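Read top to bottom, the protein sequences are chains A and B.
Quick note on numbering: this note's numbering labels position 305 of the first sequence as 405, and the sequence is numbered without any gaps.
Quick note on numbering: this note's numbering labels position 132 of the second sequence as 254, and the sequence is numbered without any gaps.
We put the CB at the ideal spot given by N, CA and C, even for glycine.
Being a predicted model, the structure only gives us computed values, none of them experimental.
A short write-up of the structure that comes next.
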Amino acid sequence: MALIEYRDALNQAFDEELARDENVVLMGEEVAQYDGAYKVTKGLWKKWGDKRVMDTPISEAAFIGMGIGASMLGIRPVMELMFWSFATVAWDQIINNAAQVRYMSGGLINCPIVIRGPANGGTNVGATHSHTHENFLANVPGLKVVCPATAYDAKGLMKTAIRDNDPVMFMENTLLYGEKWEVPEEEYLIPLGKADVKREGTDITLIAHGRAALTALRAAEILAAEHNISAEVIDLRSIRPLDEEAILASVRKTHRAVLIEENKPFCGVGAQISSILMEKCFDDLDAPVLRISSIDAPAIYSPELERKQLPRPLDIVAKVLSIC
Amino acid sequence: MATSAKSTDISKTDFGKSPINARLSAEQKLKLLTDMVRIRCFENESVRQYSAGKMGGFLHVYNGQEAIATGCASLMGDDDHMITAYRNHGHALGVGMNMNECMAELFGKATGCSKGKGGSMHFFAPDKNYWGGHGIVGGQTPLGLGLAYALKYKGVKGAAMCFMGDGAVNQGCLYESLNMASLFNLPVIYIIENNGYSMGTSLERSSAFKSCLAERAAGFNMEWAQCAGTDIYEVRASVQVAMERAHNESRPTMLEIDTYRYYGHSTADAKHNVVGGYREREEIDFYKKNHDPINVFKAKLIAEGVLTEEQFDTLEEGIKAEAAQSAVFADESPYPEVSSITEDVYYEVDRQTEAGRTGKHFFND
Chain A
101 MALIEYRDAL NQAFDEELAR DENVVLMGEE VAQYDGAYKV TKGLWKKWGD KRVMDTPISE
161 AAFIGMGIGA SMLGIRPVME LMFWSFATVA WDQIINNAAQ VRYMSGGLIN CPIVIRGPAN
221 GGTNVGATHS HTHENFLANV PGLKVVCPAT AYDAKGLMKT AIRDNDPVMF MENTLLYGEK
281 WEVPEEEYLI PLGKADVKRE GTDITLIAHG RAALTALRAA EILAAEHNIS AEVIDLRSIR
341 PLDEEAILAS VRKTHRAVLI EENKPFCGVG AQISSILMEK CFDDLDAPVL RISSIDAPAI
401 YSPELERKQL PRPLDIVAKV LSIC
Chain B
123 MATSAKSTDI SKTDFGKSPI NARLSAEQKL KLLTDMVRIR CFENESVRQY SAGKMGGFLH
183 VYNGQEAIAT GCASLMGDDD HMITAYRNHG HALGVGMNMN ECMAELFGKA TGCSKGKGGS
243 MHFFAPDKNY WGGHGIVGGQ TPLGLGLAYA LKYKGVKGAA MCFMGDGAVN QGCLYESLNM
303 ASLFNLPVIY IIENNGYSMG TSLERSSAFK SCLAERAAGF NMEWAQCAGT DIYEVRASVQ
363 VAMERAHNES RPTMLEIDTY RYYGHSTADA KHNVVGGYRE REEIDFYKKN HDPINVFKAK
423 LIAEGVLTEE QFDTLEEGIK AEAAQSAVFA DESPYPEVSS ITEDVYYEVD RQTEAGRTGK
483 HFFND
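The structure is reproduced here in structure tokens:
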């Protein structure tokens, strides 16, 4: 299997879906002639032309809204936000239009749109450019939220997201764009709502999504090598829909759980999952469910400190050792 | 009076002679009148039912503005679309939605056009090219752009009419949309229904402008026009120019149509017609007396020999009865089941596709 960068895996997904369905169109700032600010759409404008791959002005509210309006008439837009942080400018369109139009029309309308781009801290671009909205957006019934951690997952989930008939918020990560993973030549799809057991284990379950799943994997290696603890790593991949069965099955096996995310703690994804574990796994638990999030403050610029603001493998190890 | 940017004088031009109106049959002219009266009677009935405590929330009625929605809807072909804001009952009836489904929606009943899930501000009928019914001021303007984009993408010769009030013209996303409409040559028609007030704030107190609001489009190299919304012939003639531009040149237009609302911003607006309120009683009476779109058109049709007073009375009585009957229908209809609260959230879940059956979509248990 070829080793492919995360960005190129996404690029393959777009290319394949542009070929498969003539209603798929890519839009966003600098996605066409500039090849994408992070080169995720590199070469696609040259191959597919103006109609299918389209640059927009810096007008997130209007171009996201335009995509939503077009999707109501059957176009399947894949909209890039150069940073998911800029979604705040388009918040009304996403929350009030994409998410609610199906409901408020009594099911007469649906909105098959993908809104995508990087949503992460860790790149020293300050608080305005480092938001992670997955918990905000998963709070809105009508939206789906996906956070792939690897190139393989990014490609398979993106192809599924484009074919999905509901609005999918697809959150990538600039720190992962240049990382490589094995990606098969043949076509594959990954369903939304299916977690991935990225490492099997018996003593504790580490539940994470996005880049935090990779941090959890590194922690699991340390736990095995230095502490003789066998940690299972569940990568949620999709936040809403959520693979509750995979979470429960793992915790019922290991009887302990630590939840890791790069999001802030208050009402974070981990808060939702710990509530589920409390309700459904209480008798299976041998220790309190613990959470690790980004340090609860706006994303700091200082490169040395931002590295420490986000969860690191040793933070996870320490938390695990406190209950194992 | 809030008239400085509004062309309130009845035009000397006889718009009945414009080609788009001259070719109307007597039957088609009566249909235009009927449609306006249907809106008026529906709104009167809905105000009555609101006062009787039959509905919740807000009610923004269209009385006084009927010529706009009716005139615009009458110009729509198979590939022309419409989207508007929350004062949307007139547009809904204009495109052919029936009174029963609309009234039942106001009552929050399962037989409502949105199954009781949208309410007064959110009527939809995609089968009639009607895309709502949107509650956030100006929030529909990018959606209208998207409808136009989809038409162009599909190579269809159509137009997207996107309505807004004069209060919406100060929302930022409108200007982003105007820029893209012109930049991308999209067949969208932005129609400002200027009734002089954004809620309780008059035009003069809310908007800076030179001659009128639509003129702002000039900065985007976009064609614009202003007309009066009293005479439905004038509305049709003015909108038709924009329709042809959209159809034949795939170019956008911003059209400001001056109008007036007889009721307040919503039924919760207690300051629209009282001493110390934001407008004088005399102003409302002036418009009712001189600019009522139904009275003006009725007089024209009588002068044209298409209608008699007696025929009008019969027509109006029939429509009042239809409106009253819609309230009976709504009253007798069942409320939605509690289980329906989580229906129509996700397409895939509603259809129980494989995607809809995978993972947990709802989190109450």
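Q | For Gly278(A) and Glu406(A), believed in contact at Cβ under 8 Å, the rounded distance | A | Going by Cβ atoms, the distance from Glu406(A) to Gly278(A) rounds to 18 Å, so no, they are not a contact pair.
Q. DSSP state of Cys224(B), grouped into three classes?
A. helix
Q: Taking the CB atoms as reference points, tell me whether Leu335(B) and Glu378(B) lie closer together than 8 Å.
A: yes
Q: Go through its chain and collect everything with a Cβ distance to Leu110(A)'s Cβ below 6 Å, but skip five positions before and after it.
A: Val140, Ala254, Met258
(Q) According to DSSP, is Gln348(B) part of a helix, a strand, or is it coil? (A) strand
Q) Taking Cβ to Cβ, would you say Ala195(B) is nearer than 8 Å to Gly216(B)? A) yes
Q. Could one say the Cβ of Ile258(B) lies closer than 8 Å to chain A's Cβ atoms, at least one of them?
A. yes
Q: Within the segment 140-211 of chain B, note down every full beta strand (DSSP E) run reaching 3 residues or more, in order along the chain.
A: 203-205
Q. Across which residues does DSSP place Val417(A) in a beta bridge pair?
A. Its beta-bridge partners do not exist; DSSP assigns none.
**Q.** Same chain, Cβ closer than 7 Å to Ala207(B), neighbours up to 5 away in sequence not counted
**A.** His256, Val259, Gln262, Phe285, Met286, Gly287, Ala290
Q: With DSSP as the reference, please indicate the residues paired to Pro365(A) in a beta bridge.
A: Beta-bridge pairing links Pro365(A) to no other residue.
(Q) Going by C-alpha to C-alpha distance, which of Ile322(A), Asn123(A), Met179(A), Arg391(A) sits closest to Glu272(A)? (A) Met179(A)
Q) Is any beta-carbon of chain C found at less than 8 Å from that of Thr156(B)? A) Absent from the structure is chain C; the protein chains it does hold are A and B.
Q.
Residues of chain B with CB closer than 9 Å to the CB of Pro291(A), please, in chain order.
A. Glu476, Ala477, Thr480, Gly481
Q) Using a C-beta cutoff of 8 Å, does Met271(A) count as contacting chain B? A) no
Q | Beta-carbon spacing of Met365(B), Ala281(B) below 8 Å | A | yes
Q) Whole-angstrom Cβ separation of Ala198(A) and His233(A), contact assumed at under 8 Å? A) That belief does not hold up - the Cβ atoms of Ala198(A) and His233(A) are roughly 13 Å apart, past 8 Å.
Q.
Distance check for Phe183(A) and Asp414(B), CA to CA, integer angstroms please.
A. 51 Å
Q: Under 7 Å Cβ to Cβ from Ala471(B), same chain only, skipping five residues before and after it: list those, please.
A: The question names Ala, but residue 471(B) in the sequence shown is Val. Excluding residues within five positions, the ones whose Cβ falls inside 7 Å are Gly478, His483.
Q) Looking at the C-beta of Leu215(B), does it have a partner C-beta in chain A at a distance below 8 Å? A) no
Q: Just the C-alpha distance for Leu152(B) and Glu431(B), rounded to the nearest angstrom, thanks.
A: 13 Å
Q. Does Leu181(B) come within less than 8 Å of chain A when only Cβ atoms are used?
A. no
Q) With 8 Å set as the bound, which would you pick, yes or no: does the beta-carbon of Leu215(A) sit closer than that to a beta-carbon of chain B? A) One detail in the question is off: residue 215(A) reads as Ile in this sequence, not Leu. No - not a single Cβ of chain B is within 8 Å of the one on Ile215(A).
Q) Counting contacts by CB-CB distance shorter than 8 Å, is Leu228(B) in contact with chain A? A) no
Q: Give a yes or no on whether 8 Å exceeds the smallest Cβ distance from Leu265(A) to chain B.
A: Strictly speaking, residue 265(A) in this sequence is Asn, with Leu absent from that position. Yes - at least one Cβ of chain B is within 8 Å of the one on Asn265(A).
**Q.** Cross-strand partners of Asp296(A) (DSSP beta bridge)
**A.** Asp335(A)
Q: May I have the straight-line CA-CA distance separating Met302(B) from Ala357(A), to the nearest angstrom?
A: 50 Å
Q) Which value, in whole angstroms, describes the spacing of the CA atoms of Ile334(A) and Cys211(A)? A) 30 Å
Q | Separation of Ile262(A) from Met123(B), as counted between CA atoms | A | Low local confidence applies: a pLDDT of 40 at Met123(B) is under 50, so the model's placement there is unreliable, and no value is given.
Q. In chain order, what residues of the same chain have a beta carbon less than 7 Å from the beta carbon of Phe137(B), not counting five sequence neighbours either side?
A. Asn143, Asp353, Tyr355, Glu356, Ala359
Q: Would you check if there are 3 or more beta carbon pairs closer than 8 Å linking the segment 189-203 of chain B to the segment 450-462 of chain B?
A: no
Q: Please list the partners that Asn301(B) has in chain A, where partner means a Cβ-to-Cβ separation under 9 Å.
A: Pro157, Ser159, Ala162
Q. Which stretch, first to last residue, makes up the alpha helix (DSSP H) that contains Thr436(B)?
A. 431-454
Q: Consider the Cβ of Met166(A): report whether some Cβ of chain B lies at a distance smaller than 8 Å.
A: yes
Q. Using 8 Å as the limit for Cβ to Cβ distance, is Ser333(B) near chain A?
A. no
Q) Who are the neighbours of Asp335(A) on chain B, taking C-beta pairs under 9 Å? A) None at all; the shortest Cβ gap to chain B is about 14 Å.
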